[in-house]
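Each protein sequence line maps, in turn, to chains A and B.
Residue numbers for the first sequence follow our numbering, beginning at 1 and rising by one.
Residue numbers for the second sequence follow our numbering, beginning at 533 and rising by one.
Backbone N, C-alpha and C define an ideal beta-carbon position, used for all residues, glycine too.
Note that this is a predicted model, so its numbers are computed, not measured.
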Amino acid sequence: MSSQQKESWNSRAGVILAVVGSAVGLGNFLRFPGKAVLNGGGLFMIPYVVAFLIVGIPLAWSEWALGRHGGNRGHNSAPGIFREVLGGTHGSFLGMLGTIMPMLIYTYYVILEALCLYFAWSFLTGAIPELGADAEKITSFVVESLGMTGNGAMFTGQQMGMLLCIALCTLINFTLIYRGLSKGIETFCSIAMPLLVVCALIVLVRVLTLPANPVAPDQNLVNGLGFMWNPVAEGRSLGETLTNPKVWVEATGQIFFSLSLGFGLILTYASYLKKDDDICLSSLTSAAGNGFCEVVLGGMIAIPAAYIFLGPAFLSNSANVGTFSLGFMTLPNVFNQMPAGAFFGFLFFFLLFLAAVTSSLSMLQPSIALLEEGLGLTRKLSVSLLGGITLLGTAFITWYSEGLTALDTVDFWMANFFIFIFATLQTIIFGWIVGKKRGYEELSSGAEIPVPRWIMFVIRFISPVYLIGIFLLWAKDEMPGRIESLKFVDGQPTVSLLSLVFILLVIAFFGWVVAVSNKRWQTQDDEKEASS
Amino acid sequence: MTAGGWIMMCLAIGGMTGLLAWCVWKVISTPGSTEHLHSPADIDPEDD
C-alpha cells in the first residue's frame, strides 16, 4: 500500500472547506456576474437553479459516492476508482481523464492565479492606481503583463514581476501539496476560505455604500443592482430569454465550472473519506458555500460597482464583461476611480488570489494520487515529477502568449470539451453500472440528511440526457471554429494545433502511467487473492 | 431597478444564504459529525 492511501482528512469542517475552496475560484467573482448580465440578468437564475438541481447536486453526489467507494477499496486516483467500479483495465483508461483534465487546467490556471497576485501587488505599490481611469493604459498593462503582444514576449526581461509571481505561485502550490492532504491542503483552506469571505465582505460593504456617480447621477447603486438582477434582458422578452438554448448552455456550464464538477477533483477528495462518513450533507454544504460566494458575493460586487463608474453602455458590450476583461480590465478601472480604491483593489485581487490557490491545489492532488498509488512513488518523487510536467506546460503556455491562443486552446479542450464527456460518463457509470440499488445504498451510507429515492431516477435518466443535449448544442456552435483553427499556415502549424499536440503528448504520457499502474494493481489483486 | 429585479435578487440571495445556513446548522447540530478525526488505522480498504 502506498503512503498516499494512508492519508485522510483531519476533520469534517476541513473536508467541506477544502471542497468549497476547490469550487470557489475566479469563476464565482468574475464569470458568474458576466454570464448573468449577458444572459437575462435575474432571469439567468432560473436555468441556473434548474441546472443546480438536475445536474449540480446529482452529479456532485455521484462524484462524492464514486470517490468514497473507490477510496474504501484502496484507490484515490480517478483511474484506480474507475478500474474498481468498472472492473477492468478499460475503466482505468477512461478514468485517466479525471487526472489529465485538472493537471492541464492547472498549467494555465496558475498563470491567472499569478496575475491576481501581480495585480494585488501592483495596487499596493501604486503601479495600477497611477494608470487612473484610462482604459487604454489599463488594457496595455494587462496585455504587457501576459505578453499578449507576441510569442515569447514575457521573456524579454520586461515582465520580471509577473514571472516572479508565476514562480511564487508554483512554489506555494507545490509546497502545500508536498505537505500532504491534511497538513497542506486542509490547513491552508481552513485559513484561506474564511479570510477570503472576510475580504469579500469588506469589498461588498464598500460597493454597497458607494455614492452615485456625480457626473451621471443615474449611475447609482440601485440602478447598478438593477442592471445585474432585472429579469428581462434589453430588447428581449421573458419568453425569448428562457427559450434561448444559449442561456441554458451558459447556466449549465457555469454550474459545472463553479462546483468543480466533471473534473475528477471531487473523486479524489472524496476518496479520503471513510465508508460511514456522510457525503450528502457535506456535498450539499459545499455546493451551498460555493453558491453563496457566487450569487451573494460575486453577484453584488463586480457589476454594480462597474455600473456606477463606467455606466450601462460600457457593460452592455459583451467584450467588457467576459471573465477575463471584467476582472483584469474593467474592475481595475473601477477601483482606480473609487475612494480608497488602491486598498479595495488590493483586497479584491488578494481574495481572487486566495480563491485561485485553493482551486489550483485541488487540480494537483488527482495527479499526485495517481503517481503515488499507481507508480508507487514517494511524495517527494511524485511532487517533483508533477512539478516538472506542469512547469513544461506552464512554460509552453507562457511562451505562446500572443493573443492567449495556447491558453484558450487548452482551456477549450480541457475545461469545455472533455469536462462534458467526463461528467456524462460519471453519471452514466454511477446510475447504470453501480446501478439504482447499490447507488442509492452508497449515497445513503452515513447520510445525515434523508436521501430522496427519486434522486437515482434523476441521475440515471435526466442528468445524462440533459448533459448530452447541452453538449450537442454547445458543440454545434463551438466545434466548427475550433476544428478550423487546427491547420498549417505557410507550412507552419498554428498555435492551436501545437497546443492540441501538446495535450495529446500529455495524454500519451498519462496513458503510459496508467498502463504501468494497471500492472501494479493487478499484481496487488493477485497477491490478495492468493493470500485469502 | 424594477420590482422583478428586487424579487429576483432577494430570492437568489435569500435562497443561497438560507440553504447555506441550513446546511451549516445541520452539520453543527448533528451529534459527532463536526469532528471526525481519522487516523491511518481508520482507513480500512475492504473487498466485496
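Presumed contact (8 Å Cβ cut-off) between residue i and residue j, rounded CB distance
i, j, result
"residue 364 of chain A", "residue 177 of chain A", "5 Å"
"residue 66 of chain A", "residue 267 of chain A", "6 Å"
"residue 21 of chain A", "residue 192 of chain A", "7 Å"
"residue 375 of chain A", "residue 517 of chain A", "7 Å"
"residue 28 of chain A", "residue 298 of chain A", "5 Å"
"residue 103 of chain A", "residue 367 of chain A", "5 Å"
"residue 246 of chain A", "residue 72 of chain A", "With a Cβ gap of about 42 Å, residue 246 of chain A and residue 72 of chain A do not count as contacting."
"residue 405 of chain A", "residue 26 of chain A", "20 Å between Cβ atoms; not a contact."
"residue 302 of chain A", "residue 33 of chain A", "5 Å"
"residue 19 of chain A", "residue 307 of chain A", "Actually they are not in contact, since the Cβ atoms of residue 19 of chain A and residue 307 of chain A sit about 33 Å apart, beyond 8 Å."
"residue 423 of chain A", "residue 262 of chain A", "3 Å"
"residue 373 of chain A", "residue 77 of chain A", "5 Å"
"residue 355 of chain A", "residue 196 of chain A", "6 Å"
"residue 549 of chain B", "residue 296 of chain A", "6 Å"
"residue 536 of chain A", "residue 86 of chain A", "Within the shown structure, residues of chain A are numbered from 1 to 532, placing residue 536 of chain A beyond reach of any answer."
Buried versus exposed, by CB contacts within 10 Å (16 or more), residue i
i, result
"residue 358 of chain A", "buried"
"residue 541 of chain B", "buried"
"residue 113 of chain A", "buried"
"residue 8 of chain A", "buried"
"residue 35 of chain A", "buried"
"residue 441 of chain A", "exposed"
"residue 134 of chain A", "exposed"
"residue 579 of chain B", "Annotation note: pLDDT 42 at residue 579 of chain B (below 50); position unreliable, coordinate value reported separately. Looking at its Cβ environment, which holds fewer than 16 other Cβ atoms inside 10 Å, residue 579 of chain B is exposed."
"residue 527 of chain A", "exposed"
"residue 490 of chain A", "exposed"
"residue 120 of chain A", "buried"
"residue 205 of chain A", "exposed"
"residue 224 of chain A", "buried"
"residue 495 of chain A", "buried"
"residue 248 of chain A", "buried"
"residue 80 of chain A", "buried"
"residue 483 of chain A", "exposed"
"residue 552 of chain B", "buried"
"residue 16 of chain A", "buried"
"residue 508 of chain A", "exposed"
"residue 255 of chain A", "buried"
"residue 474 of chain A", "buried"
"residue 175 of chain A", "exposed"
"residue 477 of chain A", "exposed"
"residue 561 of chain B", "exposed"
"residue 521 of chain A", "buried"
"residue 145 of chain A", "buried"
"residue 287 of chain A", "buried"
"residue 313 of chain A", "exposed"
Residues bridged to residue i [DSSP beta-bridge criterion]
i, result
"residue 492 of chain A", "A:489"
Which listed residue (the options) has its alpha carbon closest to that of residue i
i, options, result
"residue 410 of chain A", "A:396, A:421 and A:422", "A:396"
"residue 407 of chain A", "A:51, A:503, A:487 and A:511", "A:503"
"residue 226 of chain A", "A:516, A:443 and A:41", "A:41"
"residue 61 of chain A", "A:241, A:459, A:488 and A:33", "A:459"
"residue 169 of chain A", "A:417, A:526, A:394 and A:469", "A:394"
"residue 244 of chain A", "A:43, A:439 and A:510", "A:43"
"residue 188 of chain A", "A:461, A:49 and A:14", "A:14"
"residue 100 of chain A", "A:306, A:511, A:532 and A:111", "A:511"
"residue 329 of chain A", "A:24, A:30 and A:23", "A:30"
"residue 471 of chain A", "A:216, A:251, A:76 and A:362", "A:251"
"residue 362 of chain A", "A:74, A:98, A:149 and A:12", "A:98"
"residue 160 of chain A", "A:452, A:467 and A:398", "A:398"
"residue 214 of chain A", "A:285, A:49, A:310 and A:198", "A:310"
"residue 64 of chain A", "A:131, A:283, A:296 and A:382", "A:283"
"residue 129 of chain A", "A:402, A:277, A:381 and A:338", "A:338"
"residue 534 of chain A", "A:531, A:199, A:430 and A:445", "Shown here, chain A extends from 1 to 532; a query on residue 534 of chain A therefore has no answer."
"residue 264 of chain A", "A:379, A:370 and A:183", "A:370"
"residue 258 of chain A", "A:522, A:24, A:89 and A:529", "A:24"
"residue 467 of chain A", "A:218, A:485, A:378 and A:53", "A:53"
"residue 360 of chain A", "A:387, A:380, A:232 and A:90", "A:387"
"residue 47 of chain A", "A:11, A:426, A:415 and A:238", "A:238"
"residue 185 of chain A", "A:10, A:428 and A:487", "A:10"
"residue 500 of chain A", "A:413, A:342 and A:289", "A:413"
Any non-hydrogen atom of the ligand PLP closer than 7 Å to residue i Cβ
i, result
"residue 421 of chain A", "This structure lacks the ligand PLP, and indeed carries no ligand of any kind."
Contact residues within the segment 220-234 of chain A, judged by C-beta distance below 9 Å to chain B: 222, 223, 224, 225, 226, 227, 228, 229, 230, 231 and 232
Could you name the residues of the segment 44-66 of chain A whose beta carbon sits closer than 7 Å to any beta carbon of chain B, in the order they occur along the chain? 45
Near-chain B residues of the segment 442-459 of chain A (beta-carbon distance less than 8 Å), N- to C-terminal order: 448 and 449
Quick one, which residues of the segment 272-283 of chain A are near chain B if we go by CB-CB under 7 Å, in chain order? 274, 277, 278 and 281
Note down, in chain order, all residues in the segment 302-317 of chain A with a beta-carbon under 7 Å from any beta-carbon belonging to chain B. none
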